[in-house]
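Participant:
Protein chains in written order, with full-length UniProt numbering: chain U, 1 to 369; chain R, 1 to 437.
1. Are there 16 or more other CB atoms within 10 angstroms of the CB of residue 33 of chain R, so buried, or fewer, so exposed?
2. Which residues of chain R have a Cβ atom closer than 7 Å to the Cβ of residue 30 of chain U, listed in chain order?
3. Report buried or exposed for residue 342 of chain R, applying the criterion of at least 16 other Cβ atoms within 10 angstroms of its Cβ.
4. CA-CA distance, residue 98 of chain R and residue 384 of chain R?
5. Determine contact between the segment 200 to 211 of chain R and the segment 144 to 153 of chain R, defined as no fewer than three beta-carbon pairs at a distance below 8 Å.
6. List the endpoints of the continuous alpha helix (DSSP H) containing residue 386 of chain R.
7. Is residue 325 of chain R helix, strand or coil by DSSP?
8. Within 8 Å, do at least three Cβ pairs link the segment 95 to 105 of chain U to the segment 280 to 300 of chain U?
9. How would you write the range of the beta strand (DSSP E) that residue 414 of chain R sits in, first residue to last?
10. Which of the three DSSP states is assigned to residue 8 of chain R in this structure?
11. What residues in the segment 259 to 278 of chain U have a beta carbon less than 7 Å from any beta carbon of chain R?
12. Kindly confirm or deny that the segment 262 to 271 of chain U and the segment 48 to 67 of chain U touch, where touching means at least three C-beta pairs closer than 8 Å.
13. In whole angstroms, what separates the C-alpha of residue 6 of chain R from that of residue 192 of chain R?
14. Give the straight-line distance between the Cα atoms of residue 310 of chain R and residue 334 of chain R, rounded to the nearest whole angstrom.
15. To which residues of the same chain is residue 324 of chain R closer than 6 Å at the C-beta, ignoring the five residues directly before and after it?
16. Are residue 299 of chain R and residue 274 of chain R close, meaning C-beta to C-beta below 8 Å?
17. Using the beta-carbon count (16 or more within 10 Å), is residue 243 of chain R buried or exposed?
18. Is residue 412 of chain R closer than 8 Å to residue 465 of chain R when the C-beta atoms are compared?
19. If you run the structure through DSSP and keep just helix, strand and coil, what is residue 209 of chain R?
20. Residues bridged to residue 317 of chain U by DSSP?
21. Run through DSSP, which three-state label would residue 370 of chain R get?
22. So, at 6 Å on beta carbons, what are the nonlocal neighbours of residue 256 of chain R in its own chain, with the 5 sequence-adjacent residues on each side left out?
23. Can you grab the Cα-Cα spacing for the pair residue 7 of chain U / residue 172 of chain U, in whole Å?
24. Are there 16 or more other CB atoms within 10 angstroms of the CB of residue 19 of chain R, so buried, or fewer, so exposed?
25. Below 8 Å, can you find three or more Cβ-Cβ pairs linking the segment 120 to 128 of chain U to the segment 81 to 94 of chain U?
26. For residue 313 of chain U, which option in U:53, U:185 and U:346 has the closest C-alpha, if you only look at C-alpha atoms?
27. Looking at C-alpha atoms only, which residue of U:154, U:308, U:295 and U:360 is the closest neighbour of residue 325 of chain U?
28. Kindly list the residues whose CB is nearer than 7 Å to the CB of residue 199 of chain U, restricted to its own chain and excluding five residues on each side of it in sequence; keep chain order.
29. Taking the straight line between their C-alpha atoms, what separation do you get for residue 178 of chain R and residue 234 of chain R?
30. Does the Cβ of residue 365 of chain U have 16 or more other Cβ atoms within 10 Å, making it buried, or fewer, making it exposed?
31. Are the Cβ atoms of residue 335 of chain U and residue 305 of chain R separated by less than 8 Å?
32. Could you check the C-alpha separation between residue 74 of chain U and residue 331 of chain R for me, to the nearest Å?
33. For the structure I just gave you, are there three or more beta carbon pairs, one from the segment 273 to 286 of chain U and one from the segment 233 to 241 of chain U, closer than 8 Å?
34. Below 8 Å on C-beta distance, what does residue 335 of chain U contact in chain R?
35. How long is the line joining the alpha carbons of residue 75 of chain R and residue 41 of chain R, rounded to whole angstroms?
36. Skipping 5 residues on each side, what residues in its chain have a beta carbon closer than 6 Å to that of residue 72 of chain U?
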């Protein structure tokens, strides 16, 4: 085995594997908690829309024996209808993480680079690193992606620029004018991935719609997901949309059959019934944010609350200690050191009981020396 | 590192090959630019280890030697197979054992090898496979005192490119401002510190003021597969600016390591400039600085969420461990381990590192043996004879046989002081010898 390990590329050898959180019963036993509110992954605690729920409940067990549609045929038809595009402009993946991998495999080779922010969704950087692709990270300015600096970071080796819009974890976003200026400045020197995982949480007319932008810029790919707004994170369904030419290239590096049948069915049903669900979710998020703004203001804590179903707050103690203390009280948050925000936590917005439990636990931990 | 020189070979278990290996060691040392004294010590180390290990290794099994010449040290790694390995001659007490009886010390070769090297360690790779790594340091010029900048002005920022001169200056500044026990040993020879950074053995962030003056330094290096040790923040600015500089250093440090593969950051040498809220206390050790007996705080922080761990634990320190983990809110499954009933090996082996400048000796168990309690007691006595007061012992709780040594340690006057999460292969208990015992 030692000899095999010696032949592993350095970029894999030195890569830090992601350690997912353990199942709830294990965590509750470890921390001695009698319940657990998960406020760490920006899940939608309202769950999926009604039609998706019905589709899930109606899934016949016999179908489990049959392979899923290998390229999510029905779901792509539904997406095409929804956004007025060709089904072949869509590529569905096992969550957006898989799609990120497919894009990097398709467009990047040895010696190439990607550009993204230093404090953004970590998976762009991770996938690039374990693929042996250089990552050029651009610092945020005032908690927002800095377009001029990102343009300056683009070199002749840059193949993909990842723009998380709205940005996770800060919730900042580029408006139409900013994005258009950025694309004009880039002048198609690289592919631009607009990651709009939290797009449905916004209702601002100045927010640029990637589906429309890509019609005028064939170097733009748009990522969206059913994991956040649609409450289907457990099924892992994400997708990208772009020009026929670009998507055809990505499809060549993409694993077929990676999205399971039930996930495809649930996502298709969710699309057909999302208006009320989106409205209810936005209302729930707004109420939760309002409550947390009041809490953090009262405690005199700095926080960042932009678009999306999360808020980031700077804590007067190590974020990882706070995590453990909150876990003992049955509340799970996301530590931000890994996002390069030491001593910040990110809290997902949820319904009142969860937010009240968070507020109580958070206050109690900060009050205890 | 591109300028490393490497020589590897496998030799049959035949003493006739020891001489050519020693010759290769000498050539390597000379080609790597080491002085005559270091070259000779390295040659002696390699030759004596070869001769001893050829005698100890299994017949027909080759001895592999990997020698490396780096800027700052020479290293020889001996990989071999041996059944029922006994290396008592490598103990720091081996010399005095022989002397007390008025006889030549036993295992004279091992004794010579251990004395010629600056340090060695034994890795047990499972079964009958072992590796001994011995190192000889390059001699560097001693520290030249420097003065901290008298006036500094904001804004304070991290230096992006660190040249050797800047690094050496920063290390010398730290030595001039902070007590020796708070500074890494390499700061005493600032050029060595710069070489360690160039080689990637040590990483650091350096803070500058608006005029480009060096106003701060924070260093870190690998402690285990999961943990980093950091030292600092060392701040060379006026009082009113210290907090700002320290924050620049701490944020820069944590952002630099946030997405590395390490789970935890540990600090034995955190300075008074550490900003509250960044780290958690693990406890303290007796520092015995030249100015008096200070308490040496030990701090840590996770870089990611702790997913729990199982640790082996002797009944005699179970309460200590449970209380520690409860205080840290750190989930651990404590697995009981009993004191060893029978020990197959006669001689135990303890690794000993001495640092007179920091009044510090560190003991690590390499092999258990029937004489472990006596070896511990003799090692303590030998260290005290050298005028060193602080004696630490490291116990890795991932290894049952190490965890089972708790009673031996207590009988030898050690007390468990702090737990270093992920400090070894698993959590590590640091024991300190009670000077009054």
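Note that CB positions come from ideal geometry on N, CA and C, so glycine has one too.
Everything numeric in this text was worked out from a predicted model, so none of it was measured.
Facilitator: Let's see:
1. By 1-based counting over the second chain, the position of residue 33 of chain R is 33. That one is exposed.
2. Indexing the first chain from 1 puts residue 30 of chain U at position 30. Within 7 Å of the CB of residue 30 of chain U, the CB atoms of chain R belong to 308 and 331, in sequence order along the chain.
3. In the second chain, counting from the first residue as 1, residue 342 of chain R sits at position 342. Around the beta-carbon of residue 342 of chain R, fewer than 16 other beta-carbon atoms lie within 10 Å, marking it exposed.
4. Along the second chain, one-based indexing puts residue 98 of chain R at 98. Along the second chain, one-based indexing puts residue 384 of chain R at 384. Any reading at residue 98 of chain R needs caution, since the residue's pLDDT is 49, under 50, leaving its predicted position unreliable; the model's value is listed next. Looking at the two C-alpha atoms, the distance is approximately 19 Å.
5. Yes, they touch.
6. The residue labelled residue 386 of chain R in the question sits at position 386 within the second chain. Premise fails: residue 386 of chain R is in no alpha helix (DSSP H) and is neither H nor E.
7. Here the question's residue 325 of chain R lines up with position 325 in the second chain. Collapsing the DSSP output to three states places residue 325 of chain R in a helix.
8. With the cut-off at 8 Å, the segment 280 to 300 of chain U and the segment 95 to 105 of chain U do not touch.
9. Residue 414 of chain R sits at position 414 when you count from the first residue of the second chain. Per DSSP, residue 414 of chain R belongs to the beta strand (DSSP E) from 414 to 420.
10. Taking the first residue of the second chain as 1, we reach residue 8 of chain R at position 8. In the structure shown, residue 8 of chain R sits in a strand (DSSP, three-state: E or B).
11. If the cut-off is 7 Å between Cβ atoms, the segment 259 to 278 of chain U has nothing near chain R.
12. Segment contact: the segment 262 to 271 of chain U against the segment 48 to 67 of chain U, three or more CB-CB distances shorter than 8 Å; contact assigned.
13. Here residue 6 of chain R refers to the residue found at position 6 when the second chain is read from its first residue. Here residue 192 of chain R refers to the residue found at position 192 when the second chain is read from its first residue. Computed Cα separation, rounded: 20 Å.
14. For the purposes of this step, residue 310 of chain R is taken as the residue at position 310 of the second chain. For the purposes of this step, residue 334 of chain R is taken as the residue at position 334 of the second chain. Each residue's Cα considered, the two are about 6 Å apart.
15. On the second chain, position 324 is the one that residue 324 of chain R refers to. Closer than 6 Å at the Cβ level, and outside the excluded window around residue 324 of chain R, lie 419.
16. For the purposes of this step, residue 299 of chain R is taken as the residue at position 299 of the second chain. For the purposes of this step, residue 274 of chain R is taken as the residue at position 274 of the second chain. Contact annotation: residue 299 of chain R and residue 274 of chain R have beta-carbon atoms nearer than 8 Å.
17. Taking the second chain and counting its residues from 1, one reaches residue 243 of chain R at position 243. Classification of residue 243 of chain R: exposed, given that the 10 Å Cβ count is below 16.
18. Limits of chain R in this structure are 1 at one end and 437 at the other, which puts residue 465 of chain R out of reach.
19. Mapped onto the second chain, residue 209 of chain R falls at position 209. Three-state result, residue 209 of chain R: coil.
20. Numbered from its first residue, the first chain carries residue 317 of chain U at position 317. DSSP lists no partner for residue 317 of chain U.
21. One-based indexing of the second chain puts residue 370 of chain R at position 370. Residue 370 of chain R falls in the coil class under three-state DSSP.
22. Sequence index remark: in the second chain, residue 256 of chain R carries index 256 (1-based). Same-chain partners within the cutoff: there are none.
23. Looking up residue 7 of chain U in the first chain gives position 7. Looking up residue 172 of chain U in the first chain gives position 172. Across the structure, residue 7 of chain U and residue 172 of chain U are spaced so that their CA atoms are roughly 42 Å apart.
24. Position 19 of the second chain holds residue 19 of chain R. By the beta-carbon neighbour count (other beta carbons within 10 angstroms, threshold 16), residue 19 of chain R is exposed.
25. No, they do not touch.
26. On the first chain, residue 313 of chain U is found 313 positions in, with the first residue counted as 1. Taking the Cα of residue 313 of chain U as reference, the smallest distance to any Cα among U:53, U:185 and U:346 is reached at U:346.
27. As a working note, residue 325 of chain U is residue 325 in the first chain. For residue 325 of chain U, the closest of U:154, U:308, U:295 and U:360 by C-alpha to C-alpha distance is U:360.
28. Numbered from its first residue, the first chain carries residue 199 of chain U at position 199. These residues qualify, in order along the chain: 224.
29. Within the second chain, residue 178 of chain R is the residue found at index 178, counting from 1. Within the second chain, residue 234 of chain R is the residue found at index 234, counting from 1. Straight-line Cα distance between these residues: approximately 8 Å.
30. Counted from its first residue, the first chain places residue 365 of chain U at position 365. It counts as buried.
31. Taking the first chain and counting its residues from 1, one reaches residue 335 of chain U at position 335. Taking the second chain and counting its residues from 1, one reaches residue 305 of chain R at position 305. A contact, by the Cβ cut-off of 8 Å.
32. Residue 74 of chain U sits at position 74 when you count from the first residue of the first chain. Residue 331 of chain R sits at position 331 when you count from the first residue of the second chain. Rounded to whole angstroms, residue 74 of chain U to residue 331 of chain R spans 46 Å at the Cα level.
33. Segment contact: the segment 273 to 286 of chain U against the segment 233 to 241 of chain U, fewer than three CB-CB distances shorter than 8 Å; contact not assigned.
34. By 1-based counting over the first chain, the position of residue 335 of chain U is 335. Here the neighbours are 302, 304 and 305.
35. What you label residue 75 of chain R is simply residue 75 of the second chain in a count that begins at 1. What you label residue 41 of chain R is simply residue 41 of the second chain in a count that begins at 1. Inter-residue distance for residue 75 of chain R and residue 41 of chain R is about 11 Å (C-alpha atoms, whole angstroms).
36. Taking the first chain and counting its residues from 1, one reaches residue 72 of chain U at position 72. Closer than 6 Å at Cβ, skipping near neighbours: 92, 259 and 264.
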